[in-house]
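Inspection log for the structure reproduced underneath, given as structure tokens.
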Amino acid sequence: MSLRLQSLTLAIASISFASAAQAAGLDRSTQPSWGFTQDGTFAYIERITIDPSISGKDNAATTPSPTTYEEGRDINNMALNYDFINYGAKADVNDKVSVGVFFDQPWGADVEFTGNNNFVNGTVSAQQVAGAGQAAQAAATAAKTAAAAYQADPTNQTLAYNAATAVKTAQQAGAAYNLASNIAQHPNEGTNASVDSKNFTGLVGVKFGEKNNWQVYGGPVLQKLEGEVHLRGKAYNSTQGYDGIFAQSNGYGWMAGLAYSKPEIALKAALTYRSDIDHDTVAYESMPATGESGSYDMTITTPKSVNVDFQTGLNPTTLLTAKLRWVPWSDFSIKPPLYNATTKKATGADFKPLYPNGLNLIDYSDDGWAAEVGLGKKLSNQWAVSGSVGWDSGAGDPTTTLGPVEGHWNVGLGAKYNVTPEVAVSAGVKYLMFGDAKSKIPNGDLVGDFQNNDAWIYGLRLTYQKK
């Protein structure tokens, strides 16, 4: 039986491969450690396609707040289809030392709002822009007059209040004019965002123990990151029209893990840690409400993660698999300098700052947890099939408008065909049922409700393995 169980891993391995392709936060892919712990010489290339459907309703409340929501207009599917390729290879230098190189795309987002809702610009006529300009000019004149009166009698508290009120009114009128001008230049344009990442990982592993059952592995990671965000529609209040383009940057981190195997029962277990990575980049920002724009230095830190992978043979033709993943999304944020500085200027009725430290453009309230269990079945020397059930916690509810779901449940099916003893083709499909979530803007105001959403994930993988 032990020899048949040893061949079971080779027959079934690498069927399920879309486990984290639509997970919490910006999570897209699994760790490359699954490939590095394969036996013998191993190489793969895979293509994963994600077809999400995320729609909802905007907030019809006249004055949105963190607790006020009234069902509004339809929000069409705002999640774009996307696909990506991962690949890697490993080889055994001798019976103890292994080396490998891997490429994956761990973080990402692609969204675009369309239709007639609070996340899409309307239209503004030239007459409306001109009217807003005249109102802004009149408010500015009134502010100068009130300021002059206060300067003439600086101990008069009534004049001080009138001057402060007039200045705030002038600022609001100026922002309204700037926003009207911006909308006129971008009519019917919807909020959209994209984030792309690329990881290049090199690993070295050393086996130890009486039967070389244990393996410690690790190595450096080069990560490339870039993205852009364009906020449109009145959902974003005074920050609507904001543009942020974040130049591609390189960051460096590391990955390490410990694995245990017992081939006679097809048992494998691995614990893998990937470090967080700092990216020093340049943000090209524009804030129409204040008329400010420019390039600013900033740092984005992508989060660390921990993966646990386990498998064991139940009988000579059946393999049990389990996976667990943790990502501390509650520690993650994107804080563009101009965006943050602009939100610091917001004041309440008492003229005191509402957000003394400013706001993040994107952040999350909870850590992300994901788990999956599956069964693989060897049907013949050529064919194997698998099925899985998985769960993802999401990263909090309410959540960002750029990913308005609270985790998901998923079910998956896969099949593997051994073309030759070394070459195999695997295909899989996974269905995700997203959790309902409210969406919020950075100040906490509710701006949307997203329910009954789902996604399909398709994957194709080519592998080569020789023991």
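When you line the sequence shown up against mature numbering (1 follows the signal peptide of the UniProt record, and there is no 0), it's residues -23 to -1, 1 to 444, in that order.
Ideal Cβ placement from N, Cα and C applies to all residues, glycine included.
- In the three-state DSSP reduction, residue 241 falls in the helix class (H, G or I).
- Distance from the Cα of residue 311 is smallest, within the candidate group 172, 293, 330 and 403, for 172.
- The three-state secondary structure of residue 46, taken from DSSP, is coil.
- Given a length threshold of 3 residues, each whole run of the beta strand (DSSP E) inside the region 194 to 255 is given here in chain order: 220 to 239 and 244 to 251.
- With respect to residue 33, residue 288 sits apart: the two C-beta atoms are not nearer than 8 Å.
- Burial is judged here by how many other beta carbons sit within 10 angstroms of a residue's own beta carbon; residue 356 has fewer than 16 and is exposed.
- The criterion of a C-beta distance shorter than 8 Å is not satisfied by residue 19 and residue 180.
- The DSSP-derived three-state label of residue 381 is coil.
- Between residue 247 and residue 10, the beta carbon gap of about 6 Å places them in contact (Cβ cut-off 8 Å).
- Boundaries of the beta strand (DSSP E) around residue 354: 345 to 355.
- A Cβ-Cβ contact shorter than 8 Å links residue 86 with residue 379.
- The Cβ-Cβ distance between residue 41 and residue 422 falls below 8 Å.
- Boundaries of the beta strand (DSSP E) around residue 176: 169 to 185.
- The beta carbon of residue 169 is closer than 6 Å to those of 89 and 207 in its chain, skipping five residues each way along the sequence.
- By the neighbour-count criterion, in which 16 or more other beta carbons inside 10 Å mark a residue as buried, residue 51 falls on the exposed side.
- The criterion of a C-beta distance shorter than 8 Å is satisfied by residue 324 and residue 330.
- Across the structure, residue 346 and residue 220 are spaced so that their CA atoms are roughly 31 Å apart.
- Within the same chain, 87, 88 and 89 come within 7 Å of residue 57 by CB-CB distance, once the 5 residues on both sides are set aside.
- Taking 8 Å as the cut-off, the Cβ atoms of residue 258 and residue 223 count as close.
- Approximately 6 Å separates the beta-carbon atoms of residue 314 and residue 260; this is inside 8 Å, confirming the contact.
- Cα atoms of residue 230 and residue 264: separation of roughly 33 Å, rounded to the nearest angstrom.
- Residue environment for residue 400: exposed (fewer than 16 other C-beta atoms within 10 angstroms of its C-beta).
- Apart from sequence neighbours up to five positions away, the residues of its chain that approach residue 339 with a beta-carbon distance below 6 Å are 311 and 377, ordered along the chain.
- Taking a cut-off of 8 Å on C-beta distances, the region 382 to 394 does not touch the region 176 to 196, as fewer than three cross pairs fall below it.
- Residue 96 counts as buried, since no fewer than 16 other beta carbons sit within 10 angstroms of its beta carbon.
- As the crow flies, the alpha-carbon of residue 359 is around 16 Å from that of residue 405.
- C-alpha of residue 284 to C-alpha of residue 251: approximately 9 Å in a straight line.
- Judged by DSSP in its simplified three-state form, residue 435 adopts strand.
- Under the criterion of beta carbons closer than 8 Å, residue 254 and residue 290 do not qualify as touching, at roughly 37 Å.
- Note: residue 11 is not bridge-paired with any residue in the DSSP secondary-structure output.
- For residue 397, there is no enclosing beta strand (DSSP E), as DSSP marks it with neither H nor E.
- Proximity to residue 351 across 322, 167, 245 and 300 peaks at 300, based on C-alpha coordinates.
- In this structure, DSSP gives residue 359 a state outside helix and strand, which the three-state scheme calls coil.
- Taking the CA atoms as reference points, residue 326 sits about 45 Å from residue 59.
- Rounded to whole angstroms, residue 277 and residue 305 show a C-alpha spacing of 15 Å.
- For a cut-off of 8 Å, the C-beta gap from residue 292 to residue 31 is around 41 Å, too long to register as a contact.
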